[in-house]
Structure formats: C-alpha cells, structure tokens
Amino acid sequence: MQTSPAHVPPPEKDDDEIHLAEYFDILVDNRWLVVTITALALLIGAAYALLATPIYQSNLLIQVEDAAPDAKGFLGDASSLFEVKTPATGEIQVLRSRLVIGGAVDATRFYIDARPDYVPVVGEWLSRRAKSLSTPMSLPGLGGRVYGTEKIDVSRFIVPPELEDQKPFTITAQGGGRFQVEHPDLDQPINGRVGEQLEQKTPFGELELKIDTLDGEAGAKFVVHRYSRLRTIEELQRRLQAGEQGRQSNVISVALEDSNRTRLTSILNAIAATYVDQNRERKAAEAERTLGFLDQQLPEFKRQLERSEDAYTRFRNQNSTVAFDEEAKATLTQIVELQGKLLEAQQKRRELAALYTGNHPRIQTIDQQIGLIQKDINALNSRVGRMPTIQQDTFRFERDVRVGSQLYQSLLNNSLQLRLVKEGKTGNVRLLDSAASPRLPVKPQKGLIVALAGVLGLLAGIALAFVRSMFFSGIRNPQEIENHTGMSVMSVIPYTLEQGVLEARMAAGQKGVHVLTTTNPESTAVESVRSLRIALQFALLEAGNNRVLITGPTPGIGKSFVSANFAAVMAAAGKRVLLLDADMRKGYINKQFGLKREGGLSELLLGDLTLEQATHTQVVPNLDVMTTGRYPPNPSDMLMSDTFARLLDTLSAQYDLVVMDAPPVLVAADAAAAGAHAAVVLMVARADQTQMGELVESNKRLRQANVAPAGVVFNAMDMTRRHYGSQGYRYGGYRYTEYKYKS
C-alpha cells in the first residue's frame, strides 16, 4: 500500500511581478557560455579586422561656374545663349552618365582586373607586409598561390563577348619573361611573353593580351578578370558618390572607394578629366552653332541698318532738321530700350519653346513679360501719336536707325566673343582638387568592428543562455515541480562540493565509508535530508509497511546519494535500518560504503546465499547494507518474484525501516516492480538536469503500475542564487543559506 501524495495547488500568479533576480541567475548559471561566445565573437571580429582587405577612399572637387554676364545690349552678351545655367544637381547627373563614366573606363581600362592569386585568408595580409617575392605554394589545392610582392600590369585584354563576366583567366609565370594563359573554356593553354602582344584564336573568337609587367617567381599564378564595358560602367555608377558640397555652393564632391589605391586615383581623375573635356566640347559646339546663326544674320541686319540710315538721310534732306524737346528725347530713349528688351524676350521665348510646351510656367512667365513690355511700348507710341506729323516721322526714322545700329553692333561684339569661346574651348566647370592617393584605409574600421563583434557576441551569448534555460536546461527550482506536476517537494537538498570530493574518492577505489552524513554531519545537504526524515515519519505512520523506495527518472541525478544519506540519517536517529540496493543494473551503493558488489541481493534471490551472508551488518551504527550482488540478466523478473516479496516481508520484520535504491523509471520497469512492495515511493530530481517532461513521464509510468509517488526530493540545487521562481512565482521568497549553530 502506498501513501497518496497531497496535491499542492499552485499559488496565485502575480503577473506584474518581474523576476529580475531570476534572470540574473540564468546569466550567472550560464556565465561561461556567455563569456565563451563573447570571446569567440571578439576573436572572429579581431581576425576579420586584421585580415580583411583594406578599402581606400579618394575624392575630388569640381566647381560649376554660374556664368551670367551683364546684358547691356538688348540681346546682351550672345555667349549667354550657350551659358545655360545648369545647377549642380543637373551636373551631377551628367557626371554620373555613361558618356562620362564610359570615357573614364576606356581611358583607364577599368574593365580589366588583374592581381596575384593570393593564398586564401592570409595571403593578401602577408603580401601587404612582405618585402620580396614569395615562393609559390605547392600544396594540393594551393599550387601557385603567392603571398609576397608579386605584381602584374595588363595594358590590353580583349576577349570574345562570351568570355566576358565569366570565370577569371589564370596567368602562370614561366620565368624568363614567359607566361601561360589558362581558362576553363580554352581548349589548351596559351603561351606568351611579357611586353609582346598575344593574339590567339579561340572557339569563341579572337583573344588579344598584352602584359607589360609580370613580377613573380616561376610557377606564381595571377588571376585576370575581363568584365564587359557596360557592367563596369554600371558598377562604377553604383559605387560613385557625388553630391553638392554645401547648399547651393555649386561645388560638387566626387568620392569613390576601392581596394587598389593606384586604380582608385586613376579612375577618379579620369572621370574628372572626361567630365571637364565634354563640358568644354559641348560649350564650344554650342558656340559654333550660335556663331553660324549670327554669321547668317549679320549681313541682313547690316542691310536693314543701311536702308534705315538712307531713308533717314533722305528725310532730313527733304525736310529741315526737327528739334525734340526733353520729353520727346526721353520717350525715344525709352522706346529704344523697350524694343531691345522685347526682342530679347522674344528670343528667350523661342529658346524655351524648343524645350517646353505652351502651358509650362516658364513659357507663361515670359509671355507675361512680353505682354507688359508691349503694353509699355504701346503707351509710349500713343504719346508719340500726339506729336505733330513732322515730329512723328522724324521720331520714327531716328528710332529705326538707333535700334538697328544697336542691334548690329551687339551682334558684331557677340560674334567676336563666340569666336574666342570656340577657339579657346572654355567651359563652365573647372577642377578644384584632383584625386590624391590615400595613405590610410577607411575600411575596415578595426576598433568599431571589434566593439560590434563583442556586443553582438555578448547579446548572442545572453540570448543563447535564455534559450538554453528555456528549452534545454533542467528544472531550476522546486516551485516548477509543484506547479507542473502537482507532486509535493518533500525536501530540497543543496549542492555541496564535499559530495564531489567523496565521489572522487569512490572513483579512485579508496576504502572506507564515503557517505556525507558520516563525514560531515553538519553539512546543509545533510540537514535537508534530516528534514526529509521528519516529513516521512508522518507518512510512515499511516503506511502499511516500513519500506521506502527511492528512484528517479534518469541515471546520474543522485538517487543513490539520497538513499545512502537518508538511511544513514535514520540510523543516526536510533532506527535500525537496512539499505537495500535494488538497482541490479548499475547500482553502486557498495562503493559508498567501501564494500564489494558480489554477495548481495541477486545471490540471495537465487538461493546461493543466506540472508545473514548477504547482509553487511553495522556498516555504520544501526545501519546494515545489502548490495546488488552480481548483475543478473533478468532483474525485473527477480524483483517481481514471490521470493523478493517474501524477502521484503522478512526484512520489514527485522528492521525499523527498509530503504530501497531502485533503478531509474525511464530506463527500466524495475522501479515499478519494486515500488509495488513499498509504502512510500520518492522521486529524485536533480536541479538544472532533470527535465520536467522526464519527471511527468516517470510519474505517469509509476501510476500506470499502481504506484503513487509520495513526493519529490529536489537534489543538488545551487543555493548561491538569490531567488528561485518560475512562471511568475518565487519559492516563498525564501533564500537558502548555510545556517550553523554557534559552538
């Protein structure tokens, strides 16, 4: 008959309570995991920062000059016709265009990427610190790899389109200025010499290669990539950083990053040169077009001026000179100026009409200006209309001569300016600062990388600690057992280093009693076992026999430790106790008392020994021990036999208490078989090792065999933690401390 365990209802759950101390316990328990992962992350970060290819950055500055000459004539300076005000944002788009980038790519052969074939991971790092050529590697898979000051310069490399953007070509130095070219798509290697152009027909077309420099020992390998022109342009467009430096400064900053400092400054300066050249050529072309227009118009304007002068001369010869008063002179001057502005506005509208529709705001604005000018001219003309007829005619002739003369002279001046612009090829942009070779890399930022690696490693370690605690760690505190299983925790035994010393002595085969109760009776672990004795005394009063069976879900949780010390504590209390090792599979109670395994329970059940012969009496005062004996092939059958039942009845009559150490429940059915004969069955769970599922399954299996565990002994709990709680509970707010009596 077994005593039924009292169900312990879970306490009220306080959702507002945050167990920071419990979280701290998790971190403390997994501190070495966190430290290890953090250290590993720091190591990886430091290795990356040390071995990563350095990236350099260079930049240049370009000024966009806002040329807007003072227009004194009615057409102003004709160079304003091609000095279109281009904002910096627009020029940035021009600078990033395929026209400019493509010209720079062609000038620098940026689509060719030739470099030594370095040893993986450390080869490039070693090469940056090397002072001489290296000996090519000969190891399998690394043949020809280098790590020294090897160098290659390819001035021409043309391949069929099918081989562009594909696997790189391999150049192997042969010594004496000779080299060999290999590629997976070539039928056979191609041989060439440094400084000579190599031309070879391939299944895809003609291949041309010229290597100007090849520094390396015989056998050294180099890799040469040939990218397509379009891909190279698009890649540069993506990497190029261009923006206005300061608001409305018209100064463009252009920056680029690359691992090769020489290539970096070369391509940047080529981009700047191409951009400035195309700007000059565009301005010169526009000047030439405008000059052609003026050359066509000048003769016609000259003829119109001559006709106006002739008509005015004839009029004056036919009529006496007419003098204007000051008001008439002012009106004439205003009309001439307004006529000039009108012609200028009309010319501007023709330019805008070629770019925009009639509904565009700029077209509408210029139309409004033309309307206002025309309105002013009409007002002045109405004033002229009130003059006498002879004054009106004189006014009209003089106005035509002045306007024609001013227009013709302005066109002559502008024609001269345009010829100067065309011949000088000046643009509205200039290079302020060219790209210089950087001394220090901008990437990787070693300090930042190591710091980030440390932070990420720390976070990963903390996250893994919580994941491990949540999914892979065992039961952390007794409250979890009571909340999830309903079984009572009858005792909490703290972890003690002294037990580890005793286990080491047992492993070394030392003789003597290695039971904590006898070696250190004042230990807190022994005190916890004494509390178990008190709890079981009341359970045994109502029990049908005096037998206690101690088991657990899995091996290695300390059930034999609990059995031996519980038996020793009961014996020390004056009870006559027998400790029976019923684990005839892996039992080792004999080692704890310095006894031999043979001559125990299995021999007694087989009839080879008598009870007196199988019992070791007075191992410690009031405590007898029966070992497992030789491991039998059928321990479950022996524990279910009538012989075992009669033996237990005999032992119960001779002793005040019989303590049985049974095999783990999840390993064999022995515990259920032996538990049927015990009044009290205790389950042992080890802190941070026993899984909740294991404990639940063990309880289920025992109950299926009609064996009801009386409670759980929670073993090896770390009492250094400040609090214990789970699912929002604290274990009574109690802090376990090693209390001792003062001597």
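Each residue of the sequence shown is one higher than the last, beginning at 3 in this note's numbering.
Positions of the beta carbon are idealized from the N, C-alpha and C atoms, including for glycine.
Coil, strand or helix - Tyr-590 by DSSP: Here Tyr-590 sits in coil by DSSP.
Distance CB(Leu-165)-CB(Asp-187) smaller than 8 Å: yes
Status (buried if at least 16 other CB within 10 Å, exposed otherwise) for His-362: It counts as exposed.
Of the residues Gln-176, Ser-136, Asp-639 and Leu-659, the one placed nearest Gly-194, counting alpha carbons only: Considering only alpha carbons, the answer is Gln-176.
Beta-bridge partners of Ser-60, as assigned by DSSP: For Ser-60, which the question treats as bridged, DSSP gives the partners Leu-258.
Exposed unless 16 or more other CB atoms sit within 10 angstroms - verdict on Asp-297: exposed
Range of the contiguous alpha helix (DSSP H) that encloses Phe-468: 448-469
Nearest neighbour of Arg-364, chosen from Arg-351, Leu-374, Ile-375 and Pro-623 [CA to CA]: Arg-351
For Leu-414, the nearest candidate out of Leu-62, Lys-304 and Thr-234 (CA to CA): Here the closest residue by C-alpha is Lys-304.
Contact the region 149-169 vs the region 223-234: 3+ CB pairs below 8 Å: yes
CA nearest to the CA of Met-685, picked from Gly-713, Ala-676, Val-661 and Ala-670: Gly-713
Cβ-Cβ distance between Val-661 and Leu-538 below 8 Å: Their beta carbons are not under 8 Å apart, which means Val-661 does not touch Leu-538 by this criterion.
Ala-70 versus Ala-355 - alpha carbon distance: Caution is warranted here: a pLDDT of 44 is assigned to Ala-70, below 50, making its placement in the model unreliable, and no coordinate value can be reported.
Secondary structure, beta strand (DSSP E): runs of 3+ residues fully inside the region 566-627: List check, beta strand (DSSP E) in window: 579-583 and 618-622.
Where His-486 sits in the DSSP three-state scheme: helix
DSSP-derived helix/strand/coil call for Ala-286: helix
Start and end residues, beta strand (DSSP E) containing Glu-210: 207-217
Beta-carbon contacts of Ser-268 that lie in its chain and below 6 Å, excluding the five residues immediately before and after: Around Ser-268: Thr-110.
Where Val-431 falls: helix, strand or coil (DSSP): strand
Any 3 or more C-beta pairs closer than 8 Å across the region 474-482 and the region 506-513: no
Own chain residues within Cβ distance below 6 Å of Val-621, not counting five before or after: Within the same chain, Val-621 has close Cβ partners Phe-595 and Val-627.
CA-to-CA distance, Pro-555 to Glu-699, given in whole angstroms: 8 Å
Whether Ile-591 touches Ala-566 by CB criterion (8 Å): yes
Where Asp-72 falls: helix, strand or coil (DSSP): Unreliable positioning characterises Asp-72 in this predicted model, as indicated by a pLDDT of 40, which lies under 50. A coordinate reading is not provided.
Cβ pair count under 8 Å reaching 3, the region 431-451 against the region 43-57: yes
Alpha-carbon to alpha-carbon, Leu-345 and Arg-265: 53 Å
Reduced DSSP category for Asn-522 - H, G, I as helix; E, B as strand; rest coil: coil
Residues near Ser-638 in its chain [Cβ-Cβ closer than 6 Å; skip 5 each side]: Ala-671, Asp-672 and Ala-675
Check: Asp-312 C-beta below 7 Å from any heavy atom of the ligand NAD: Ligands are entirely absent from the displayed structure, and the ligand NAD is therefore not among its contents.
Alpha-carbon spacing of Glu-400 relative to Leu-382, whole angstroms: Their Cα atoms are separated by approximately 15 Å.
Cβ of Thr-204 within 8 Å of any chain B Cβ: No chain B is present in this structure, which holds just one protein chain.
Delimiting residues of the beta strand (DSSP E) encompassing Arg-158: 153-160
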